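So the structure is just underneath, and the comments pick up after that.
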Amino acid sequence: MSFKLGRFQPGDIVTGKIIRLENAGVLVDFDTEQPVYVPLPELSLNEIQTPEEALQLNEIREFLVVGNYDGEHDIFFSHCSPETLKDSDRLYEHTLYEASRQCGRSVNKEELIVHTKILAAHAGGVSARIQWFLCSQEHPPTVSFSIRQLERQKAWERLRQLQSEDVTVYGKILRKTMRGAITKIEGLHGFICTYVDKHREELVIGKELPLKILEVREEFNRLVLIPGSVRNKLRQLQVGQVVSGTVLCVRDYGVIVDIGELYALVPSSRILNPSINHPSQVFKVNDRLKAIVIEANIEKGRVILEPLENSV
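Numbering follows the UniProt record's numbering, with no gaps: position 146 of the sequence shown is 146.
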């Protein structure tokens, strides 16, 4: 059930009392004229089959007020200047253009409700998220209520805190992908980066790993982690260090090298010259080479090498 915008505004956190448990949801008293029905999927960030798994009768719980937007009505600005942010007319103009484009007709300013959220501040300005929806007599602006969205919001906050404190988190491998694995941390799915992990083939579904958080980007639903042991090995490498390794494979973009406990990349840009058109003209699988570490990036989980002359 949705309510017209009134004293409830999207983004507010409100409390309600659970007054009835039903098969597919609950009735909640928000001190309104009538109770609000909240469906089962909105009762928990976890997958539940019954309301009793998340709530109890007469329990007082917090809910996030959610506007009637969907993903298509989100606009992200990765570099929004303070001047643009202050100039509401410019933001409305851009949002009107996007709304008209998506609706296939000209949208009037009076039809549009816009909410702007600052995601992060940086040297170039700020990253911002604009949510919009249309309102009319036929489709008045409404809100609904969600525990799941509130728990999700809090989960992202906890992850940012854990990252800032460099805390080790533990996650089970849910499934493997071509370039890593998927896990769940704080109820949110995350990608385990294994680009440099020599033992990534040994990852087992269901195995729990100690992990470090590399990236938390709520606006893009992006959580990237790396096995703690791999990060420790990355930390042991120093830029300028000379390493030896064996060529694992040769690609257009460069050469993958096994340097012991890690995989590293020799980019094509460090190999090619006017007389060499492809890395395969220089390197073959199982070749031994010596190289200098030019990047050992813990945040991106990668090692970049430059081969020494006559190292093959």
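Heads up, the beta-carbon is just placed ideally off N, CA and C, and yes, glycines get one too. The structure displayed is predicted, hence computed values, not measured ones.
Q.
Could you check whether the stretch 273-280 touches the stretch 212-221, counting it as contact only if at least three pairs of C-beta atoms, one from each stretch, sit closer than 8 Å?
A. With the rule of 3 Cβ pairs closer than 8 Å, the stretch 273-280 does not count as touching the stretch 212-221.
Requested in this report: Would you check if the distance between the CB atom of A128 and the CB atom of I113 is smaller than 8 Å?
Outcome: no
- request: Have a look at A291, I298, K154 and flag the residue whose alpha-carbon is nearest the alpha-carbon of L305.
  value: Distance check between L305 and each of A291, I298, K154 places A291 closest, using alpha-carbon atoms only.
Thinking just about the alpha-carbon of each residue, which of I185, I19, E261, V243 is nearest to the one in L45? Ranking I185, I19, E261, V243 by Cα distance to L45 puts I185 first.
- Query: CB V169 to CB L237, shorter than 8 Å?
  - Reply: no
Is it buried or exposed for G71, if we count other Cβ within 10 angstroms and need 16 for buried? Reliability of the predicted coordinates at G71 is poor, the pLDDT of 47 falling under 50, and the value obtained from them is presented with this limitation in mind. Result: exposed.
Which residues does DSSP list as the beta-bridge partners of C193? G180
Roughly how many angstroms lie between the CA atoms of I256 and Y263, to the nearest whole one?
If you draw a straight line from the Cα of I256 to the Cα of Y263, it is about 7 Å long.
For T50, tell me which candidate among V26, E59, G240 has the shortest Cα-Cα distance. V26
Q.
Please give the ranges of any beta strand (DSSP E) in the UniProt domain "S1 motif" (11-80), keeping only runs that are unbroken, at least 3 residues long and fully inside the region.
A. Runs of the beta strand (DSSP E) inside the UniProt domain "S1 motif" (11-80): 13-22, 25-29, 36-39, 60-67, 74-80.
**Asked** At a cut of 8 Å, does the stretch 215-228 reach the stretch 183-200 through at least three beta carbon pairs?
**Response** The stretch 215-228 vs the stretch 183-200: in contact.
Which residues does DSSP list as the beta-bridge partners of A264? Per DSSP, V257.
- Can you tell me where the beta strand (DSSP E) with A291 in it begins and where it stops? 288-297
Determine the extent of the alpha helix (DSSP H) in which A120 is found, giving its start and end residues.
Unbroken run through A120 is the beta strand (DSSP E), 112-122; no alpha helix (DSSP H).
- If we ignore side chains and look at the alpha-carbon of each, how far apart do S106 and H94 end up? 13 Å
Exercise for the section: Could you name the residues of the same chain whose beta carbon sits closer than 8 Å to that of L152, not counting the 5 residues immediately before and after it, in chain order? Expected result: Checking the displayed sequence, the identity of residue 152 turns out to be Arg instead of Leu. Sequence-distant partners of R152 (beyond 5 residues in either direction) whose C-beta falls short of 8 Å from its own C-beta, in its chain, are L45, G187, L188.
**Study point:** Cβ-Cβ distance between L203 and I298 below 8 Å
**Key:** no
Review point. Any chance the stretch 247-261 sits against the stretch 275-290, with 3 or more Cβ pairs inside 8 Å?
Key: Three or more Cβ pairs drawn from the stretch 247-261 and the stretch 275-290 lie within less than 8 Å of each other, which places the two stretches in contact.
Whole-angstrom distance between K176 and G260, CA atom to CA atom | 23 Å
Original post:
I think G67 touches V143, with their Cβ atoms under 8 Å apart; what is that distance to the nearest whole Å?
Top reply: 6 Å
Discussion item. Between the alpha carbons of I48 and V239, how many angstroms are there, rounded?
Written reply: It is roughly 49 Å from the alpha-carbon of I48 to the alpha-carbon of V239.
### Task
Please report the Cβ distance between Q149 and L64, rounded to the nearest whole angstrom; I am assuming they are in contact, meaning their Cβ atoms lie under 8 Å.
5 Å
message: For a test of the three-state rule: what should DSSP assign to E165, helix, strand or coil?
response: Looking at E165 - three-state DSSP - the assignment turns out to be coil, as it is neither helix nor strand.
inquiry  = Considering only DSSP beta bridges, list what F145 is partnered with.
reply    = The partner list for F145 (beta bridge, DSSP) reads V65.
What is the DSSP secondary structure of K212, reduced to helix, strand or coil?
In the structure shown, K212 sits in a strand (DSSP, three-state: E or B).
- Go ahead and pull the three-state DSSP assignment for L225. The answer is strand: DSSP assigns L225 an E or B state.
task: Kindly identify the DSSP beta-bridge partner or partners of W132.
output: In DSSP, W132 forms a bridge with V114.
- Item | Straight-line gap, P39 to S146 (C-alpha atoms, nearest Å) | 9 Å
message = Can you check which of these residues, G301, P307, A24, is closest to V266 by C-alpha distance?
response = The shortest C-alpha separation from V266 is found at P307.
**Message:** Helix, strand or coil for K207? Go by DSSP, reduced to three states.
**Reply:** coil
query: Three-state secondary structure (DSSP) at K172?
result: strand
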